[in-house]
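Worksheet for the structure shown next.
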Amino acid sequence: MALRKIVLEGDEILRKKTKDVKEINGRICELLDDMWETLEEHNGVGLAAPQVGVLRRIAVVNTGEDGVKVELINPRITESSGTAEEEEGCLSIPGFVGTVNRPERVRVEALNRQGETVAMEGEGLLAKALCHELDHLDGILFIDKATDVRSLEDDA
0 MALRKIVLEG DEILRKKTKD VKEINGRICE LLDDMWETLE EHNGVGLAAP QVGVLRRIAV
60 VNTGEDGVKV ELINPRITES SGTAEEEEGC LSIPGFVGTV NRPERVRVEA LNRQGETVAM
120 EGEGLLAKAL CHELDHLDGI LFIDKATDVR SLEDDA
């Protein structure tokens, strides 16, 4: 495992649409492991492959709730309901937060590292994190949806 550098806003890779993973191999598993290490080092909730410079449909999420740690390869949202307006931030836009309207509940289907199709439902923080990371896979940042982006220094 290795720490990867987090790509920051302004880098064009964050605005590109990712490509599906065609084959889950050792390189993909190594990328997942590196993403976990990077996420933990930065105390994040989620991390998408473009945030570490890789244009593949891969994301990891760890909300810290009930041991929920998920790896998502080629994920897609299949259902969503409700709305929740909450504050969020992003490791690629350090020092800033904004209020974003997201679904309260989502259902996501993806592949795991064994190549098996998995489905999961999330609500609250997990739903928000899943939507945030899947947006990254389509080149969308939270600031594109936020109503009031502000510096954390302004809150101090």
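Quick note: the sequence shown uses numbering that gives the first Met the number 0, first residue 0, plus one each step. Quick reminder that beta carbons are idealized off the backbone N, C-alpha and C, glycines included. Small disclaimer: the values here were computed from a predicted structure and weren't measured.
Return helix, strand or coil for G25, following the three-state DSSP convention.
Counting from one through the sequence shown, the residue named residue 25 turns up at place 26. Helix.
I need the boundaries of the beta strand (DSSP E) containing E78, first residue and last residue.
Taking the sequence shown and counting its residues from 1, the one referred to as residue 78 is at position 79. Segment K68 to S80, the beta strand (DSSP E) holding E78.
Extent of the continuous alpha helix (DSSP H) to which L124 belongs:
Within the sequence shown, residue 124 is the residue found at index 125, counting from 1. Unbroken alpha helix (DSSP H) run through L124: L124 to L136.
DSSP-derived helix/strand/coil call for R14:
Position 15 of the sequence shown, counted from the start, is the residue given in the question as residue 14. The answer is helix: DSSP assigns R14 an H, G or I state.
Beta-carbon spacing of G45, H131 below 8 Å
As a working mapping, residue 45 is identified with position 46 in the sequence shown. As a working mapping, residue 131 is identified with position 132 in the sequence shown. Cβ distance < 8 Å, so G45 and H131 count as in contact.
From this set, S79, S80 and I57, which residue's C-alpha is nearest V69's C-alpha?
By one-based count along the sequence shown, residue 69 stands at place 70. Distance check between V69 and each of S79, S80 and I57 places I57 closest, using alpha-carbon atoms only.
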